[in-house]
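All remarks here apply to the structure that follows.
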Amino acid sequence: MQYALLIYYKPGTTEALGADEAEAVHREYMELKDTPGMLGGASLHPVETATTVRLRDDQLLVTDGPFADTKEIFAGFYLLEADDLDRATEIAARIPAVRLGGSVEIRPVVTGES
Amino acid sequence: MIEQVFRDEWGRVLASLIGYFGDFDLAEDAAAEAFAIAAQRWPSDGVPDHPAAWLVTTARRRAIDRLRRDRVLATKLRLLAAAQTSAAQTSAAEPPAGEDTVDTIPDERLELVFMCCHPALAVEAQVALTLRAVGGLSTEEIARAFLVPPETMKRRLTRAKSKIKVAGIPFGVPSGPRLPERLGTILAVVYLIFNEGYGDPGRPGLAAEAIRLGRVLAGLLPAQPEVLGLLALMLLHDSRRETRFAGTEDGQDLVLLPDQDRSRWDWRQIAEGRALLDRALDPATGTHTADGTGPYVIQAAIASLQAQEQLDWPQISALYGTLAELTGSPVVRLNRAVAVAEADGPAAALAIVDRLDLPDYQYWHSTRAELLRRLGRRDEARAAFQRALDLARTAPERRFLERRIAES
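Chains as they are written, first to last, in our numbering: chain H, 1 to 114; chain B, 1001 to 1408.
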């Protein structure tokens, strides 16, 4: 099965890290990429760089900032091949966001099989 | 007779089929079909020597037949391929009616319970699935027991099964360090089912169902003290079922422990509960040395003490103290206060109760009220009984509190 591990942070978490810790966290993310079954993923630039596109009264509306103001910010994702949810959970639990007060949402990916 | 066999075998048959096909819906349909065939044949042909094996073999063959007919669906074709491979390996041809080809099937109910009580499912879904899949209750029966429309329960079960499939919730027993935590979820589900039935004289079936599930678990995990502890706890509480309510013109009234007719307690069940408790406390039983005595074993020990003729309140209150430390639960501290009231008097107990703050909890108000009443503080007692009444959910409790208000 394929899972997307969606990584969320509380605002300001990464900025509050010291240089050494930020470096260590970065290294952990890089190491996770080498976990068996990891198919890919991406880390996103801060939410301040986001642009949102939507349709209002048939007009294309382009605005600065994220789609919705939420308490947690979507920061990136991994794409994982795993046997089942328990295995996916095990790997999700190792993502640094979890211990830094954020969270990881595990979502099964629609594939040809399902 | 056949109905009893069905109830007892459903979980085992379904578990075996899920393990075989890896698909909950397919397994459930196949099991239902096999049980329907059995209902037709067994009354005339007789119940086979190994009913579960007969049902599993029949269900497998029917399901494979059906998969052959359903060749259009690619996913099911893959299932068919897998099933045929393993069928060829085990050479499990369906028996002719009333004849067995396999004597025993491996018991995979534990895998099934862990799947139904997976923490990725909501508690109400865990409860419904466990009763349906392991307990063999129908959707309608579960709906009635939880006072929701059958359609609601059907949707709840469908959604849960869909999540199992789409999210890949495993059919299996977790290993090593995850086991105690996951086992805790299962025990909580069973105890929740028990308490739903225990608190309401109109739903006695749920308590019996929880005990049946508890027996299954105790059979599957005989070395887990908490599993034995939970079964002991349920048996000990349930032994008083005939005396906890008294019929009146208005319906059922609550009868408190000291006023219950001990001769009508189920003493065989108490003995069984106490024997289980002894096993749970015996260090030879197994795996409890690491984390000490667990909450269900302690609660069973308290329930056992409560069945004595002369209640040992100091010991009961000490056990509640241990339990409170272990769980950090304010509700347990409240229970401890009740024991302290008997051991050391109402003033000491009220001091404990007033240190807790549970404004939305009915029993905090009723316990406070009872202690205030005993201390002769009648106005405060009446106000507290009234707050408890505002929060009371069942009719017997409401009538009990109304009487207390009238008396004070």
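Using N, Cα and C, we set each Cβ at its ideal position, and we do this for glycine too.
Integer Cβ distance of residue i from residue j, believed to fall under 8 Å
i, j, result
"residue 47(H)", "residue 73(H)", "5 Å"
"residue 1005(B)", "residue 1047(B)", "6 Å"
"residue 1031(B)", "residue 1059(B)", "5 Å"
"residue 1111(B)", "residue 1015(B)", "6 Å"
"residue 1213(B)", "residue 1135(B)", "6 Å"
"residue 1128(B)", "residue 1160(B)", "7 Å"
"residue 1024(B)", "residue 1164(B)", "6 Å"
"residue 1380(B)", "residue 1372(B)", "5 Å"
"residue 1300(B)", "residue 1236(B)", "6 Å"
"residue 1378(B)", "residue 1329(B)", "So it is not a contact: roughly 31 Å between Cβ atoms."
"residue 1394(B)", "residue 1199(B)", "6 Å"
"residue 44(H)", "residue 75(H)", "6 Å"
"residue 1352(B)", "residue 1336(B)", "7 Å"
"residue 1145(B)", "residue 1062(B)", "About 30 Å; that fails the 8 Å criterion."
Inter-residue Cα distance where the pair is residue i and residue j
i, j, result
"residue 1405(B)", "residue 1376(B)", "14 Å"
"residue 77(H)", "residue 1333(B)", "44 Å"
"residue 1193(B)", "residue 92(H)", "32 Å"
"residue 1123(B)", "residue 1272(B)", "30 Å"
"residue 993(B)", "residue 81(H)", "Nothing about residue 993(B) can be reported from this structure: the residues present for chain B run from 1001 to 1408 only."
"residue 20(H)", "residue 70(H)", "28 Å"
"residue 1267(B)", "residue 1242(B)", "12 Å"
"residue 112(H)", "residue 1026(B)", "20 Å"
"residue 1201(B)", "residue 36(H)", "54 Å"
"residue 1099(B)", "residue 1065(B)", "Any reading at residue 1099(B) needs caution, since the residue's pLDDT is 42, under 50, leaving its predicted position unreliable; the model's value is listed next. Taking the straight line joining both Cα atoms gives about 19 Å."
"residue 1396(B)", "residue 1363(B)", "14 Å"
"residue 1157(B)", "residue 107(H)", "20 Å"
"residue 1126(B)", "residue 1401(B)", "33 Å"
"residue 1306(B)", "residue 1234(B)", "13 Å"
"residue 1260(B)", "residue 1244(B)", "7 Å"
"residue 1052(B)", "residue 1104(B)", "8 Å"
"residue 1385(B)", "residue 57(H)", "59 Å"
"residue 1121(B)", "residue 89(H)", "14 Å"
"residue 1020(B)", "residue 1057(B)", "11 Å"
"residue 1248(B)", "residue 1399(B)", "11 Å"
"residue 1344(B)", "residue 1221(B)", "40 Å"
"residue 96(H)", "residue 16(H)", "14 Å"
"residue 3(H)", "residue 79(H)", "6 Å"
Buried or exposed by the 16-neighbour rule on C-beta atoms within 10 Å, applied to residue i
i, result
"residue 1118(B)", "buried"
"residue 52(H)", "exposed"
"residue 1230(B)", "buried"
"residue 67(H)", "exposed"
"residue 1389(B)", "buried"
"residue 1224(B)", "buried"
"residue 1010(B)", "buried"
"residue 1263(B)", "exposed"
"residue 1168(B)", "buried"
"residue 1091(B)", "Summary for residue 1091(B): the model assigns pLDDT 39, below 50, so the residue's position carries little reliability; its value from the coordinates is reported in the next sentence. Exposed, because fewer than 16 other Cβ atoms sit within 10 Å of the Cβ of residue 1091(B)."
"residue 33(H)", "exposed"
"residue 1325(B)", "exposed"
"residue 30(H)", "exposed"
"residue 18(H)", "exposed"
"residue 1284(B)", "exposed"
"residue 1239(B)", "buried"
"residue 1355(B)", "exposed"
"residue 86(H)", "buried"
"residue 1113(B)", "buried"
"residue 1017(B)", "buried"
"residue 1368(B)", "buried"
"residue 1346(B)", "buried"
* Can at least three beta-carbon pairs, one atom from the stretch 1151-1158 of chain B and one from the stretch 1179-1188 of chain B, be found at a separation below 8 Å? -> Judged by Cβ distances under 8 Å, the stretch 1151-1158 of chain B makes no contact with the stretch 1179-1188 of chain B, as fewer than three pairs qualify.
* **4 or more residues per run - each alpha helix (DSSP H) lying fully within the stretch 1353-1393 of chain B** => Listed in chain order, the complete alpha helix (DSSP H) runs (minimum 4 residues) inside the stretch 1353-1393 of chain B are 1362-1374, 1378-1391.
* When the Cβ atoms of the stretch 1335-1354 of chain B are set against those of the stretch 1307-1317 of chain B, are three or more pairs found closer than 8 Å? -> In short, these stretches touch, since the Cβ pair count reaches three.
* Asked: Which runs of the alpha helix (DSSP H), 4 residues or longer, sit entirely within the stretch 1003-1046 of chain B?
  -> Taken in chain order, the unbroken stretches of alpha helix (DSSP H) that lie wholly in the stretch 1003-1046 of chain B and span 4 residues or more are 1024-1045.
* Which ranges does the beta strand (DSSP E) cover as unbroken runs of at least 3 residues, wholly within the stretch 15-48 of chain H, from first to last along the chain? -> If we require 3 residues or more, the beta strand (DSSP E) runs fully inside the stretch 15-48 of chain H come out as 38-43.
* To do: Examine the Cβ distances between the stretch 1254-1263 of chain B and the stretch 1202-1219 of chain B and report whether three or more of them are shorter than 8 Å.
  => Result no; under three Cβ-Cβ pairs closer than 8 Å.
* To do: List in chain order: all unbroken alpha helix (DSSP H) runs of 4+ residues lying wholly within the stretch 1117-1192 of chain B.
  => Complete alpha helix (DSSP H) runs here, min 4: 1123-1129, 1139-1145, 1150-1167.
* Asked: Within the chosen definition, does the stretch 86-105 of chain H reach the stretch 7-19 of chain H through at least 3 CB pairs nearer than 8 Å?
  -> The stretch 86-105 of chain H, when compared against the stretch 7-19 of chain H, does touch it at the 8 Å Cβ threshold.
* Asked: Taking Cβ-Cβ distances below 7 Å as the criterion, which residues of the stretch 1165-1182 of chain B are in contact with chain D?
  -> Among the protein chains in the structure shown, which are H and B, there is no chain D.
* Asked: In the stretch 1211-1249 of chain B, which residue ranges form an unbroken beta strand (DSSP E) of at least 3 residues, counting only runs that do not cross its ends?
  -> For the stretch 1211-1249 of chain B, the continuous beta strand (DSSP E) assignments of 3+ residues that do not extend past its boundaries occur at 1245-1248, in sequence order.
* For the stretch 1251-1319 of chain B, list the alpha helix (DSSP H) runs that are entirely contained and at least 4 residues long, ordered along the chain. => Taking only runs of at least 4 residues, the alpha helix (DSSP H) segments lying wholly in the stretch 1251-1319 of chain B are 1267-1281, 1295-1306.
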